[in-house]
């Protein structure tokens, strides 16, 4: 495993992080989820990302149980707040009440006294940014969160949030966007702004939810046991399930073969070539997927390989910065 600093902070994280968005409490049974977490620990992953809303709060509970008994100081535990977690009008958003209450609930489910990084899962235009950042700062000062981050904020929102964090004397150190060979919307604006403000990217869906593994082929139905074949989990990846995109992805196979990499390893290595990316989040339904993915850590792709990838994918790559938070 290789490790990187997160933003301009002193926090070091594994460049392959383990996330449980579509797996724990949902797509896979708890025993399988625990086995994947144990596999992640065995291969040197120290960074674990979740959110209060995943699987209706069950994902945090499963992750907390899977990590129970492991030395807390040896891992970095991240979670998020924003989406509805209950029926009440204040059970959502980035108002102070929901942020504080959701943090307390997350800590209970995760069986911990603090999280290393607490993230705003989206930007909330209905709440003054000052209220949101002050609530986050209070959690940092109380020791319930060590650092704060955001997810899917655009460049303007990141700059405003970072300025307020500095005024409040706390560190805004990360953004968690979607980023992959196929989805590059952060490159024109979000990445330059983040570099200026001292934030790193912790990217989700670096495999385009499995599309970049090459297991989905044009003109064929997805395997019944795959994410795309799952009636719920597969809904979020339909925009990639076109014959044009799937055909282009198949053109990556000889590039991976030439490098002695699986297609998943090639996709993960690609996002890690971006110097502003601190970690790529992987998910898994089987321990062997964790073992395969982690081999991407430390892989260096030269300029010729990067050019071959761009040529293979052509115009199916999405680069429009206005699509931030729409993926």
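Residue numbers (this note's numbering): -2 to 324. Ideal Cβ placement from N, Cα and C applies to all residues, glycine included. Bear in mind that the values here come from a model prediction, so they are computed numbers and not experimental data.
Taking its Cβ as the centre, do 16 or more other Cβ atoms sit within 10 Å of residue i, making it buried, or is it exposed?
i, result
"residue 159", "buried"
"residue 306", "buried"
"residue 48", "buried"
"residue 251", "exposed"
"residue 321", "buried"
"residue 297", "exposed"
"residue 138", "exposed"
"residue 301", "exposed"
"residue 95", "buried"
"residue 82", "buried"
"residue 244", "exposed"
"residue 324", "A caution first: residue 324 carries a pLDDT of 49, below 50, which makes its placement in the model too unreliable to give a value."
"residue 12", "buried"
"residue 44", "buried"
"residue 214", "exposed"
Report back the beta-carbon spacing between residue i and residue j to the nearest angstrom; my notes put them in contact at under 8 Å.
i, j, result
"residue 291", "residue -2", "7 Å"
"residue 126", "residue 76", "About 21 Å separates the two Cβ atoms, so there is no contact after all."
"residue 121", "residue 79", "7 Å"
"residue 88", "residue 8", "About 30 Å separates the two Cβ atoms, so there is no contact after all."
"residue 237", "residue 179", "7 Å"
"residue 268", "residue 261", "Not really, about 12 Å apart at Cβ, beyond 8 Å."
"residue 109", "residue 152", "Going by Cβ atoms, the distance from residue 109 to residue 152 rounds to 32 Å, so no, they are not a contact pair."
"residue 59", "residue 27", "6 Å"
"residue 209", "residue 264", "4 Å"
"residue 174", "residue 149", "6 Å"
"residue 145", "residue 167", "6 Å"
"residue 29", "residue 197", "Not a contact, Cβ separation roughly 31 Å."
"residue 67", "residue 104", "That pair is no contact at about 16 Å."
"residue 93", "residue 128", "6 Å"
"residue 124", "residue 165", "Wrong, their Cβ atoms sit about 16 Å apart, outside the cutoff."
Starting from residue i and walking both ways along the beta strand (DSSP E), at which residues does that stretch end?
i, result
"residue 191", "Per DSSP, residue 191 belongs to no beta strand (DSSP E); it is in the alpha helix (DSSP H), 187 to 194."
"residue 289", "First-last for residue 289: 284 to 291, but that is the alpha helix (DSSP H), not the beta strand (DSSP E)."
"residue 326", "In the structure displayed, the chain extends from -2 to 324; residue 326 sits before or after that span and is not available."
Looking at the secondary structure, which residues open and close the alpha helix (DSSP H) in which residue i lies?
i, result
"residue 242", "240 to 247"
"residue 325", "The question about residue 325 has no answer, for the chain in this structure spans -2 to 324."
"residue 47", "No alpha helix (DSSP H) contains residue 47, which DSSP labels as neither H nor E."
"residue 180", "That residue, residue 180, is in no alpha helix (DSSP H); it is neither H nor E in DSSP."
"residue 250", "250 to 256"
"residue 64", "55 to 64"
"residue 268", "260 to 269"
Residue i bridges to which residues according to DSSP?
i, result
"residue 77", "116"
"residue 198", "172, 274"
"residue 279", "15"
"residue 315", "180"
Does the ligand GTP have even one heavy atom less than 7 Å from the beta-carbon of residue i?
i, result
"residue 129", "Summarising the ligand content, the structure contains no ligands, and the ligand GTP is consequently not present."
For chain B, is any of its Cβ atoms less than 8 Å away from the one on residue i?
i, result
"residue 52", "Among the chains of the structure shown, chain B does not appear; only one protein chain is present."
Exercise for the section: Mind listing, in chain order, the continuous alpha helix (DSSP H) runs of no fewer than 4 residues lying wholly within the stretch 101 to 176? Expected result: Within the stretch 101 to 176, the complete alpha helix (DSSP H) runs of at least 4 residues are 126 to 138, 152 to 165.
Exercise for the section: For the stretch -1 to 33, list the beta strand (DSSP E) runs that are entirely contained and at least 3 residues long, ordered along the chain. Expected result: The qualifying runs are 0 to 2, 9 to 11, 13 to 16.
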